[in-house]
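Taken in order, these protein sequences are the chains called A and B.
When the letters of the first sequence are read in order and numbered with the working numbering, they come out as residues 80 to 376.
When the letters of the second sequence are read in order and numbered with the working numbering, they come out as residues 1159 to 1452.
Quick reminder that beta carbons are idealized off the backbone N, C-alpha and C, glycines included.
A short write-up of the structure that comes next.
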Amino acid sequence: MTQTTLSTSNKITPVPLDWKKWLGVIPFFLFAILFLLLPSMRLFVGSFTDNEGRFTVGNILQLFEQKSILDAYWLSIRISAVTAIGGGIFGFLLAYAVTIGGLPRPLRSMLITFSGVASNFAGVPLAFAFVATLGRTGIITAILKNVFHVNIYQAGFNLYSFTGLTLTYMYFQFPLMVLIMAPALDGLKREWREAAENLGATTFQYWSQVAMPILLPSLLGAMILLFGNAFGAYATAYALTGGSLPIVTIQIGAQIRGDVLHNPGLGYAMAMGMVFIMAISLAGYSWLQRVSERWLR
Amino acid sequence: MNLATSQTASKVLKSKGQEAKPQNRKIPVWSWFWFILGALYFILPLYATLQFSLQMKRDEITLLAYQKAFEDPQFIKTFTYSNLLALATIIAGIVLFVPTAYWIRLRLPQARRITEFITFLPFVVPAIILVFGLIRIYSTPVKIPFTDIELFQPLTTTHFGTNILIVAGYMVLAMPYMYRSVDIGMRTVDVRTLTEAAQSLGASWFQIITRIILPNIRASLLSGALLTFAIVVGEVTLASFLGVNAFGPYLFLLGQHLAYQPAALSFVTFLLTWMAMGLIQLFTGGQGQAAGAH
């Protein structure tokens, strides 16, 4: 009886031909091709094309020869690495404090909400907020000067510099870390700790031999994600420094406005170099994420 | 008997736990330390912005900066425009992503991996690279490859074309968050059964999507929409390179000339982001999401 109904329902809705099923996703793929793949391909092809339109690898080679370009990459990598490691450690400690660190429960949801906001609070408003805080007339600058008699600007600090940009990026970096690490820390099972303690492990031993090996992939993965997050940032840096700090995104921005490198192909190559670094870091992130899911899910 | 012993056992365990607690209940000094440090990092820049924005008159707390900022017709214009862009992005995103995710779940699981890969790509291609490519492609007449047949005029030369371009760009930027939240929303409802039920009652595809699927995933739709809103209003990179009169570039330019109004508007932007994220928390009760319009 059931079999007959099954077979009739099969007849009523015959399995459509395979290619017809793909019609349903054509708009999406068309969109992706037109506004994501085609623009990326254009830059890719451009980076292998010389001024006369012939194939060349000269642009790629020139990336490694021109000092200003190498410096830009190096500056971007340094800023991204420092904010990824610093923001990563700080974010981890914060996530630890509100998950298993023994802080009252309401603080946890407060921190998570605030992290959601702060990791999305970037660009021009963030830059202005830091000018109001650590700029020449910023509040912290004034407090340090008037109360502690320390003039940080005379001491060599400058908001519109490497240090300043790093401090500003931190504002969206460590909240992102909190958002990624809080669920991972929740995944640490109480039983593991109890088992370790029953076997006579000290807190240090538990952390170094049980918890850390489990957390390490997601910790590293999250830091790599933070690296990519800072590496691709443009608006915050531009709003803060007005383009005076030549990180890669700023250089590419200048190249878009006008051919400052006097070689369009080199500009495309520079953009492709960025995509390359982003791709590597995100591949690393998703690989580590998969490794960490073995234990933390 | 067994039950009784296990109950007493659990009681013993519980009381043991309670005995052990006071020992662990030492105030977690380090946790507090990091938490307070984090809270200061969060709050100080906001406090500084607020404080600064209230000082337009000497020795007096005043909302004058806010009043002046809001009165600027340019502000009203750009802010309205950015909100319209956000709305267009959200609607176009829903129209494109919901049927796609639905169809893949229902009939085309083999397209799953490639779609996931595509929705992940915008993380690899940052906004500055995306706009670079978009400008290079769409600032010249678009031709059929290898021929001289023009498909359409350059998009960047007309208002309408630029609007299409920027909404499409924002859709790409928002795609990882929006597509995923739609997809996750569909994971929690049984799409197949719902579809079969609707079909057996004679519903058309359009009816299934608008009357059955959309209402069932409204929580995740809403969180995706709010996140998109937070990304788009205030976005600078795409807007400034495509030369549109949006709120982000306006705020940036304002900061070049004035001091107090930009601080006031920055604080307002923060409140808006806060509102969007708070609403997401409210609707999903989840961990909140992180975006990347940096």
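Cβ pair residue i, residue j closer than 8 Å
i: Ile1342 of chain B; j: Pro1257 of chain B; result: no
i: Phe1290 of chain B; j: Leu122 of chain A; result: yes
i: Ala206 of chain A; j: Thr247 of chain A; result: yes
i: Phe399 of chain A; j: Met357 of chain A; result: Residue coverage of chain A in this structure runs from 80 to 376, which leaves residue 399 of chain A outside it and unanswerable.
i: Met1435 of chain B; j: Thr192 of chain A; result: yes
i: Val210 of chain A; j: Ala314 of chain A; result: no
i: Tyr1239 of chain B; j: Ala1404 of chain B; result: yes
i: Leu109 of chain A; j: Pro1280 of chain B; result: no
i: Arg1345 of chain B; j: Thr1277 of chain B; result: no
i: Ala316 of chain A; j: Ile303 of chain A; result: no
i: Thr1273 of chain B; j: Ile1287 of chain B; result: no
i: Ala256 of chain A; j: Gly181 of chain A; result: A small correction: the amino acid at residue 256 of chain A is Met; Ala does not occupy that position in the sequence shown. Taking 8 Å as the Cβ cut-off, Met256 of chain A and Gly181 of chain A do not qualify as a contacting pair.
i: Gly1392 of chain B; j: Thr1442 of chain B; result: no
i: Phe1228 of chain B; j: Ala1421 of chain B; result: no
i: Tyr1328 of chain B; j: Pro1312 of chain B; result: no
i: Leu1264 of chain B; j: Arg1350 of chain B; result: yes
i: Gln318 of chain A; j: Phe1410 of chain B; result: First, the residue type needs correcting, since residue 318 of chain A is Ala and not Gln in the sequence shown. A contact, by the Cβ cut-off of 8 Å.
i: Val104 of chain A; j: Leu1208 of chain B; result: no
Test: residue i CB closer than 8 Å to a CB of chain A
i: Phe1410 of chain B; result: yes
i: Arg1350 of chain B; result: no
i: Pro1180 of chain B; result: Only weak support is given to the placement of Pro1180 of chain B: the predicted model assigns it a pLDDT of 43, under 50, and the value that follows is read from those uncertain coordinates. Pro1180 of chain B does not count as touching chain A.
i: Met1344 of chain B; result: no
i: Met1336 of chain B; result: no
i: Ala1269 of chain B; result: yes
i: Pro1420 of chain B; result: yes
i: Gln1311 of chain B; result: no
i: Pro1203 of chain B; result: yes
i: Met1214 of chain B; result: no
i: Gly1327 of chain B; result: yes
i: Thr1442 of chain B; result: no
i: Gln1365 of chain B; result: no
i: Ala1388 of chain B; result: yes
i: Gly1360 of chain B; result: no
i: Leu1288 of chain B; result: yes
i: Phe1318 of chain B; result: no
i: Thr1207 of chain B; result: yes
i: Ser1381 of chain B; result: no
i: Ala1246 of chain B; result: no
i: Ala1332 of chain B; result: no
Heavy atom of the ligand MG within 7 Å of residue i beta-carbon
i: Gly243 of chain A; result: Absence of the ligand MG is noted for the structure shown, with no ligands found whatsoever.
Segment limits, alpha helix (DSSP H) that includes residue i
i: Glu1308 of chain B; result: Glu1308 of chain B -> not in any alpha helix (DSSP H); beta strand (DSSP E) instead, spanning Glu1308 to Phe1310.
i: Ile1375 of chain B; result: From DSSP, Ile1375 of chain B is part of no alpha helix (DSSP H); its letter is neither H nor E.
i: Asp150 of chain A; result: Lys146 to Thr178
i: Gln233 of chain A; result: Per DSSP, Gln233 of chain A belongs to no alpha helix (DSSP H) and is neither H nor E.
i: Phe1210 of chain B; result: Val1187 to Ser1211
i: Thr1220 of chain B; result: Note, Thr1220 of chain B: premise wrong, no alpha helix (DSSP H); not H, not E.
i: Val257 of chain A; result: Phe241 to Asp265
i: Ser1339 of chain B; result: His1317 to Thr1346
i: Ala358 of chain A; result: Pro343 to Glu372
i: Ala1356 of chain B; result: Val1349 to Ser1358
CB contact check: residue i to chain B, cutoff 8 Å
i: Thr84 of chain A; result: Low confidence applies here, because Thr84 of chain A scores a pLDDT of 44, under 50, leaving its location unreliable and the question unanswered by this model.
i: Leu375 of chain A; result: no
i: Ala318 of chain A; result: yes
i: Thr328 of chain A; result: yes
i: Pro118 of chain A; result: yes
i: Leu186 of chain A; result: yes
i: Asn138 of chain A; result: no
i: Tyr313 of chain A; result: yes
i: Tyr127 of chain A; result: Note on identity: in this sequence residue 127 of chain A is Phe, with Tyr being the wrong assignment. With 8 Å as the cut-off, Phe127 of chain A does not count as an interface residue toward chain B.
i: Pro325 of chain A; result: no
i: Pro204 of chain A; result: yes
i: Ala274 of chain A; result: no
i: Val196 of chain A; result: yes
Any C-beta of chain E under 8 Å from that of residue i
i: Thr1427 of chain B; result: Given the protein chain composition of this structure (A and B), no chain E is represented.
Notebook entry, point to check: Is the number of C-beta pairs between the stretch 208-225 of chain A and the stretch 1215-1233 of chain B that are closer than 8 Å three or more?
Noted result: no
Next item on the list: Below 9 Å between beta carbons is the criterion; list the residues of the stretch 1216-1240 of chain B that meet it against any residue of chain A, in chain order.
Entry: none
Notebook entry, point to check: Touch check for the stretch 169-186 of chain A and the stretch 253-271 of chain A: three-plus C-beta pairs under 8 Å?
Noted result: yes
Next item on the list: Determine contact between the stretch 1240-1254 of chain B and the stretch 264-276 of chain A, defined as no fewer than three beta-carbon pairs at a distance below 8 Å.
Entry: no
Check: If you pair each beta-carbon of the stretch 1345-1363 of chain B with each one of the stretch 1386-1397 of chain B, do three or more pairs fall below 8 Å?
Finding: no
Notebook entry, point to check: Relative to chain B, which residues along the stretch 219-231 of chain A have a C-beta separation below 9 Å, given in chain order?
Noted result: Ile219
Next item on the list: Would you check if the stretch 233-243 of chain A and the stretch 137-148 of chain A touch, i.e. whether three or more CB-CB distances between them fall below 8 Å?
Entry: no
Next item on the list: Check distances from the C-beta atoms of the stretch 1388-1405 of chain B to those of chain A and list, in chain order, the residues that come in under 8 Å.
Entry: Ala1388, Ile1389, Gly1392, Glu1393, Val1394, Thr1395 and Phe1399
Notebook entry, point to check: Taking one C-beta from the stretch 340-351 of chain A and one from the stretch 122-139 of chain A each time, how about it: are there three or more such pairs within less than 8 Å?
Noted result: yes
Next item on the list: Pull out every residue of the stretch 153-176 of chain A whose Cβ sits closer than 8 Å to any Cβ of chain B, in chain order.
Entry: Phe169, Leu172, Leu173, Tyr175 and Ala176
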